[in-house]
Each structure stands twice: as C-alpha cells, then as structure tokens.
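There are 2 protein chains.
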Amino acid sequence: MDIKSQVLNIAGKARGAANSLARLSSDIKNGALKTMADALVDQSGHLIEVNAKDLEQAEKLGLSRAMIDRLVLNEKTIAGIAKGLLDVAALPDPVGAVAKMWRRPNGLLVGRMRIPLGVIGFIYESRPNVTADAAALCLKSGNAVILRGGSEAIHSNRAIVQVLQEALQKTHIPEAAIQLIQTTDRQAVHEMLQLDEYIDLIIPRGGEDLIRAVVKDSKIPVIKHYKGVCHIFVDADADPEMAYTICMNAKVQRPGVCNAMETLLIHKNIAKEFLPTMAERFQEAGVTLKGCEKARKIVPGMEPANEDDWYAEYLDLVLAIRIVDSIDEAITHIEQYGSLHTESIITKDYANAQRFLNEVNSSTVLVNASTRFSDGFELGLGAEIGISTTKLHAFGPMGLEELTTTKFIIYGNGQVRT
Amino acid sequence: MDIKSQVLNIAGKARGAANSLARLSSDIKNGALKTMADALVDQSGHLIEVNAKDLEQAEKLGLSRAMIDRLVLNEKTIAGIAKGLLDVAALPDPVGAVAKMWRRPNGLLVGRMRIPLGVIGFIYESRPNVTADAAALCLKSGNAVILRGGSEAIHSNRAIVQVLQEALQKTHIPEAAIQLIQTTDRQAVHEMLQLDEYIDLIIPRGGEDLIRAVVKDSKIPVIKHYKGVCHIFVDADADPEMAYTICMNAKVQRPGVCNAMETLLIHKNIAKEFLPTMAERFQEAGVTLKGCEKARKIVPGMEPANEDDWYAEYLDLVLAIRIVDSIDEAITHIEQYGSLHTESIITKDYANAQRFLNEVNSSTVLVNASTRFSDGFELGLGAEIGISTTKLHAFGPMGLEELTTTKFIIYGNGQVRT
Numbered sequence: 002m003d004i005k006s007q008v009l010n011i012a013g014k015a016r017g018a019a020n021s022l023a024r025l026s027s028d029i030k031n032g033a034l035k036t037m038a039d040a041l042v043d044q045s046g047h048l049i050e051v052n053a054k055d056l057e058q059a060e061k062l063g064l065s066r067a068m069i070d071r072l073v074l075n076e077k078t079i080a081g082i083a084k085g086l087l088d089v090a091a092l093p094d095p096v097g098a099v100a101k102m103w104r105r106p107n108g109l110l111v112g113r114m115r116i117p118l119g120v121i122g123f124i125y126e127s128r129p130n131v132t133a134d135a136a137a138l139c140l141k142s143g144n145a146v147i148l149r150g151g152s153e154a155i156h157s158n159r160a161i162v163q164v165l166q167e168a169l170q171k172t173h174i175p176e177a178a179i180q181l182i183q184t185t186d187r188q189a190v191h192e193m194l195q196l197d198e199y200i201d202l203i204i205p206r207g208g209e210d211l212i213r214a215v216v217k218d219s220k221i222p223v224i225k226h227y228k229g230v231c232h233i234f235v236d237a238d239a240d241p242e243m244a245y246t247i248c249m250n251a252k253v254q255r256p257g258v259c260n261a262m263e264t265l266l267i268h269k270n271i272a273k274e275f276l277p278t279m280a281e282r283f284q285e286a287g288v289t290l291k292g293c294e295k296a297r298k299i300v301p302g303m304e305p306a307n308e309d310d311w312y313a314e315y316l317d318l319v320l321a322i323r324i325v326d327s328i329d330e331a332i333t334h335i336e337q338y339g340s341l342h343t344e345s346i347i348t349k350d351y352a353n354a355q356r357f358l359n360e361v362n363s364s365t366v367l368v369n370a371s372t373r374f375s376d377g378f379e380l381g382l383g384a385e386i387g388i389s390t391t392k393l394h395a396f397g398p399m400g401l402e403e404l405t406t407t408k409f410i411i412y413g414n415g416q417v418r419t
Numbered sequence: 002m003d004i005k006s007q008v009l010n011i012a013g014k015a016r017g018a019a020n021s022l023a024r025l026s027s028d029i030k031n032g033a034l035k036t037m038a039d040a041l042v043d044q045s046g047h048l049i050e051v052n053a054k055d056l057e058q059a060e061k062l063g064l065s066r067a068m069i070d071r072l073v074l075n076e077k078t079i080a081g082i083a084k085g086l087l088d089v090a091a092l093p094d095p096v097g098a099v100a101k102m103w104r105r106p107n108g109l110l111v112g113r114m115r116i117p118l119g120v121i122g123f124i125y126e127s128r129p130n131v132t133a134d135a136a137a138l139c140l141k142s143g144n145a146v147i148l149r150g151g152s153e154a155i156h157s158n159r160a161i162v163q164v165l166q167e168a169l170q171k172t173h174i175p176e177a178a179i180q181l182i183q184t185t186d187r188q189a190v191h192e193m194l195q196l197d198e199y200i201d202l203i204i205p206r207g208g209e210d211l212i213r214a215v216v217k218d219s220k221i222p223v224i225k226h227y228k229g230v231c232h233i234f235v236d237a238d239a240d241p242e243m244a245y246t247i248c249m250n251a252k253v254q255r256p257g258v259c260n261a262m263e264t265l266l267i268h269k270n271i272a273k274e275f276l277p278t279m280a281e282r283f284q285e286a287g288v289t290l291k292g293c294e295k296a297r298k299i300v301p302g303m304e305p306a307n308e309d310d311w312y313a314e315y316l317d318l319v320l321a322i323r324i325v326d327s328i329d330e331a332i333t334h335i336e337q338y339g340s341l342h343t344e345s346i347i348t349k350d351y352a353n354a355q356r357f358l359n360e361v362n363s364s365t366v367l368v369n370a371s372t373r374f375s376d377g378f379e380l381g382l383g384a385e386i387g388i389s390t391t392k393l394h395a396f397g398p399m400g401l402e403e404l405t406t407t408k409f410i411i412y413g414n415g416q417v418r419t
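Which chain is which? The protein sequence lines are A and B, in order.
Under our numbering, the letters of the first sequence match residues 2 to 419, in that order.
Under our numbering, the letters of the second sequence match residues 2 to 419, in that order.
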C-alpha cells in the first residue's frame, strides 16, 4: 500500500471506531487502562529488547546523550509508564458529565453534556513514554487516537502500541482506538494533515519548527504552543525574600521547560535594594544575566540585553532583566514581547495584584507564585496533554476536558416553536 | 492603497485595539451599545437614503424579490436593529466571569476567568442588520471585529458602520473596535484569511459554498456550519398527537432554516397507525413527501426516496420519510446521513429517551420537542452568533460565551515548585 492509502486506511478505521468509543462506560475504559498497564510490565523484557534497536540507531546517528537518555526503556521507565496509565484510570471521566442544566420559560430543561471530540491526531518527537500517555488520555476521554512518533523511537513505539492493542482486544475495545503510523516517511504526516473529514484535532508536541510546519500544512484544527517567554514582575513593594525564592525557582529549578522564567521585570523603586542580592544568587546558581542599561548600572557585571533578548526563549540558565518605571510599563512589555504563556507578579499591593490578574491576558497569570505552576498536574487538571498558547478551544494547560466538547441535551414534553 | 495593504491596515488597527477593548467595563460597553442604538434611529433618514442605492442596484441585477426584501432598511427595520443592540446591552457580560475556583493542596487558589478571543473576522452575505448585530455581539464580548459583508449591501453597510464608529468615538472607545472592509473585491477576503497573526477567529455566515470556500482558504480557525440535515425519530410508543404536532412544527413552521426537519424516521410498529394521518396533514400543508419502500406501501401516493434524499437539506416544503426496525437503526441512520446539527426523538419510553440523548452526538439532541428549538435565543444563550456543527471550541448554537476563552488565574502566597 502506498503511504497515502496507509494513512487513509488508519484514519478510516479510527473514524469508524469513534462512535463506539464515545459510548464506552468509565468502568470499561478504566479496566482497559489497567490491562494495558499490566501488559506493559509483563512484556517489559520484549520492550527493552526492541528499544535496544532504537538506542543502537541513536548512537550511530550521533544523537546527544540527553536525547538518548530520553529514548531509554528499562524496568524502571516501563514501570513509570504503567503507573501513568493507572493514574489516568483514576481520573474522573469527563464524558457524559453535565456541568449545568437550566429550565426555559416553556418548560424545556436544557443542559450541556460532555462528549469526545472523535479522532485525535498526535504528532510528537522522541520519548516513547508519550506514546502510552497520549493513548491513555485519548482512550479515557473516549477518543480514537492516531499516533505519529519520531523516527528515533519507531521500534519502541511499534512495540508499545502492539502491546496496548492486544490489551484492547482482551477488553473488547476496538483496536482502532489506538493506532500508530507505521512508516517514518514524512509524507505520512502531510497525508494525515489533509484528512479533515476523518480527524477532528491535531496536537503536535515538540520544537517550534515541528509545530510551525504542522500548522502550515494542516487542514485540521491544530492546538498549538510555539514557545513560553514567561515573565515575573517584581513590584515596588514585593516582599524581597519571597521574590528571591520565587524568581530562583522559576529560572533555575528546571530551566529547559516552557514555564521557566525567561525575563525578569523589576520596578525601579525596589531595583537598588532587590537586584544586587538577586543577581548574586543567580550567578551562584550559574545563571547568565543580560540586563537593560538601568539594570547594568546597578549590577555592572551583567551582559547587555538587546531587543532580541526580550523575545528570547532561552530554555537554559540565561535570564533577561529589565527595570520598569511602573506596573503599566511591565504590562506593556509583556504584551509586546510575551508569548501568551505564563506571567507572575510578586507584590504586597492589593490593587496591583488585581490589575495584573485582570489585565494580563496570558494563558496563566499568577500572583506571588512561581511560573513553574503552569502545568496540568499542578493546577489540578489531573493530567496534561499539552499547553495551548492560542485561544480557541483551549488556552493554557490542557487536561482531559480539553479533549471533549459539549452537546446540548434537551428534555421536553411536547414543546413546539410558535 | 492596494487591497492587501488596506486589509492589513484594518487588521493591524483591530489587533492594536484588542487589549484595551478587553479591559472595558460592562457599563462602558453597554453605554456604547445604547449610544449606537440611538444614533441608528437618529440617522435613519440618511440610512434609508443610502439603502436606496443598494435596492436600485439589486433591481438592476435582477435579484429575487425575497433577496431584495432582506436588503430593505426602513423606519421599522432600523428600529428593529436598534432594539437588537439594546437587547445585547441587557445580556450578562461574559468577560471577567470566573466560573469556578478551587484550592490546591499547596494553598494555591486556581480559577478560570473568561477573556475575549481578541479579533473576530465576520464574513457574511446580504442582510445589513447582520452588520450591527455582529458588531454589537463582538463589542459586548470585548472583541474587535472586522466585518466583510456582501456586495449587495455595501452602501448600507458602510453607512451603518460609520454611524456605529461615530457612536464609539462619543463614548471614547477606539473606532477600530468595529471596522468594515470597504472594498467589495473578493481578493480582500483572501487577504483577510491569511492574517493569522492578527485575527483569532473567522465566522462565516451564509450558504454552504461561501463557507467551504472560506474554510479552504483560511489560515485562521473557522467556526463553521455547513448544513442542517435534522431528523425526528418517532419511536414505537410515541404519543401520536404529540408526534403530529412536533413533526408539523419542525417541518412547516419555517422550512427554509437550518433547524427544520429534513428526514422523518418512524418505528415500524407505529408506522401503520401514525403515517397515514401524518402524511395527510403534511400534504394539506403543501409538503412533498419522499418515502422509502416500506413507507410507500403504507402511503402509496408518496414519491420514492433515493439515497441522495437521506443526505438532502431541502430547506423547503419537502420531507424524506423512512421506516426503521428499531431505535438502533434510527441512530445508525442519523450517524450515516446526518450533519451533526439537531435530532429529536418522540417517545414515552424512558430507556429509549435516555439512549437517544446519550448516544446521538449531534450538537443538539432533544426528547419530545421540535428541532426548531436549536437556536441561541430559544436555548437561553441570549443571542446567537451562529451555529457550529464542528466540535472544536463550540458545538451547536453559539452565544456571547463562545466569543470568549478562559485564562487560568492563580492567587498564591509565595509558593514554589519542589
């Protein structure tokens, strides 16, 4: 079969399975997730064996140690993946939930019931654990999923999906609930992105280049997240100790993730008191600081920040620092250079806290807390499928609910329109 | 200025206004809507004069009487448009509402606050009242709107938007909140659909061809509604009188709209009792009936229905009728031929009512009520911007809330991630 036919065949099967998946009870879905978790552990010997092929290939291709580490399957990582499936089983099922109902003057009782989106296309890079995670979240939310992983992990992904499909068979759920595009040819992605009659949503996970390429080519709606240029604004009357702790956490705890701080804005009235100690602590932690002119007058050792730095997502131990005259200037800076991801204000001032929360329209806005909380688990969504920095359908961390939509359900007793 | 520059200029101004529009209080927005309503009534003489140009052009082009009627502005229609603006002013403001907040174990208080989408592109045909309606709904929900009306109403649309912009000026709201693409050149639509950095959502309103063309060309998310092939299933133990009344209402009250019934499914066990009287009533009302073979054995006068009839959106006094063996066959028929718009079951059977509500995943599903209730006003949304038959972001009738999204707001007191 040519690639176009292969992809169409997979999409057709997914579409065909979607209606019956939408009707599965929570008990059956949770039972399947447990069976899947057990099967992965049972087959861990086989999975580790197959994974060796990906590792061998990665060594040949000269991938970085960090990338190779992310590919590894061993007893421990497989147990982690299995635990992830059990965690998803333990989450509340969004499907069938009715958030509210209301009575119309004519007696109609109207509600909005959650239903699955249908078929999700998941496009991602490297890590094989994403294969099982995404499959579990889509199954729990009643969706069929078409997985397209990176070529680095293709052997592992094929083996994992085979184990998951065997578990589905045992629990009498259509195998087409979880499918993997078997070829690593890039044409398959292109073909997938044209099938808007079959696939309801595309979720790409990976670098900005991957995501931009998917958006450009897709006829299907894409939930996207280009980058996270997250800001913290230390207000004039911030508690300095709180500000040191939060800023350090936001920059240093895990600098390579999208919710790490990239630019620190400091009110001019607190800058002389706050910045020297903050800079010292950052430098002790190995952070390279890039400051505006005013900041460099206070801490002369800093590199100068240029216009590009305000747009930069370093994903590294590098931080841009700017002194601002007011909360207005801080908000304007965020509007101009931000990525709509996550911003935090550190302040004791009630009015400024409220202004920041109301006026900054990024997907997550915090008062007196680290930007690192912008995460589905941390916010209490139970799981995270991704983070959206565009506003349609979902904005910010996405949980199971964001893989569903609502239909109107109406109980009548003979009403007609007049 | 060439067309590309014109459109870019408008889009740039809209984007620039979006942040300040998002912050307007409900009082200011409602005041502006009232000023706009007064201004339209004050300027009705001028509007009627300008409208005459569109009517003259329509006569020259030989448009149908029905189309010309929809173009007419007179004292009465202008009063109706002004009343529409006041109705929007009276609706609750979705912006700033926090549906729920929850406490995390670490003390963070997390909520989801409604915010505007930003910039809405509205593409529509003929009727000039849509110009004011769409402008009002976008303003109330804090969005900037770029209007692109049909060439038939271009003089009226220009005059209406000018009146609205003057009212905005009086109330110190940026004029760029409501803009009209001044040219009728089709290239302007194409240019508009490429500006995904400026426009957050495209809402097309009009025929299926217009909508398909917009979807095909757009880089911006489109909320779409191709057609409404709405079904009523008369179950074996439906109350016949209730079924007659509802079916008649759903087909005959306003056959040209998307929520009118297009196919009637009848359980075989009630068909002999129900169909002859139902057919007689429909025929008295001038409805042409097209039946399956079984239906034609009961009412021989019907035309035969072929495969195309099950897919047809007649938008006219024509109805397809099919006898089914079971509720399963009814649901399968709806899945195969339906458009995900609106379906209703008429039944006294509790279990079948629940099955139909749970298993039919169209955007509106009713028990014992007319499909004609699938409408934003009728369902209590207060207004209707459109109906979506695709699942992302909105599914079914859309009100003001569907022109917003939510951001996460988080109140902390020093929390960091560990």
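Think of the CB as a built atom: it goes at the ideal place given N, C-alpha and C, for glycine as much as any other residue.
Note that the structure is a prediction, hence the values are computed from the model and not measured.
Chain B contact residues for residue i, given Cβ-Cβ distances below 7 angstroms
i, result
"residue 342 of chain A", "Near residue 342 of chain A there are no residues of chain B at all, since even the closest Cβ is about 11 angstroms away, more than 7 angstroms."
"residue 371 of chain A", "416, 417 and 418"
"residue 111 of chain A", "380 and 381"
Cα-Cα separation between residue i and residue j, rounded to whole angstroms
i, j, result
"residue 159 of chain A", "residue 166 of chain A", "10 angstroms"
"residue 242 of chain B", "residue 96 of chain A", "35 angstroms"
"residue 148 of chain A", "residue 15 of chain A", "11 angstroms"
"residue 382 of chain B", "residue 107 of chain A", "15 angstroms"
"residue 282 of chain B", "residue 336 of chain B", "28 angstroms"
"residue 117 of chain B", "residue 372 of chain A", "23 angstroms"
"residue 171 of chain A", "residue 180 of chain A", "16 angstroms"
"residue 358 of chain B", "residue 367 of chain B", "7 angstroms"
"residue 135 of chain B", "residue 386 of chain B", "7 angstroms"
"residue 76 of chain A", "residue 175 of chain A", "28 angstroms"
"residue 254 of chain A", "residue 83 of chain A", "26 angstroms"
"residue 402 of chain B", "residue 139 of chain A", "26 angstroms"
"residue 57 of chain B", "residue 248 of chain B", "41 angstroms"
"residue 252 of chain B", "residue 85 of chain B", "27 angstroms"
"residue 208 of chain B", "residue 70 of chain A", "54 angstroms"
"residue 369 of chain A", "residue 275 of chain A", "16 angstroms"
"residue 416 of chain A", "residue 110 of chain B", "43 angstroms"
"residue 305 of chain A", "residue 227 of chain A", "26 angstroms"
Chain B residues whose Cβ lies nearer than 8 angstroms to that of residue i
i, result
"residue 191 of chain A", "The premise fails here: residue 191 of chain A is roughly 17 angstroms from chain B at the closest Cβ pair, so nothing lies under 8 angstroms."
"residue 103 of chain A", "381"
Partners in chain A for residue i, counting only beta-carbon separations shorter than 7 angstroms
i, result
"residue 407 of chain B", "396"
Bridge-paired residues (DSSP) for residue i
i, result
"residue 103 of chain B", "B:111"
"residue 268 of chain A", "A:325"
"residue 231 of chain B", "B:262"
"residue 409 of chain A", "A:113 and B:365"
"residue 149 of chain A", "A:124"
Buried versus exposed call for residue i [16 or more other C-beta atoms within 10 Å across all chains shown]
i, result
"residue 29 of chain A", "exposed"
"residue 62 of chain B", "exposed"
"residue 398 of chain A", "buried"
"residue 420 of chain A", "Here chain A covers residues 2 to 419 and nothing more, so residue 420 of chain A does not appear."
"residue 213 of chain A", "exposed"
"residue 234 of chain A", "buried"
"residue 264 of chain B", "buried"
"residue 26 of chain A", "exposed"
"residue 47 of chain A", "exposed"
"residue 99 of chain A", "exposed"
Cross-chain neighbours of residue i in chain B, by beta carbon under 9 angstroms
i, result
"residue 412 of chain A", "354, 358, 367, 368, 369 and 370"
"residue 201 of chain A", "391, 392 and 393"
"residue 254 of chain A", "417, 418 and 419"
Residue i: contacting residues in chain A (beta-carbon distance under 9 angstroms)
i, result
"residue 336 of chain B", "20"
"residue 247 of chain B", "413, 415, 416 and 417"
Proximal chain D residues relative to residue i, where beta-carbon distance stays under 7 angstroms
i, result
"residue 23 of chain B", "Protein chains in the displayed structure are A and B, and chain D is not among them."
Every unbroken alpha helix (DSSP H) within the region 155-219 of chain A, with a cutoff of 4 residues, ordered by chain = Whole alpha helix (DSSP H) segments, 4+ residues: 155-171, 188-194 and 209-218.
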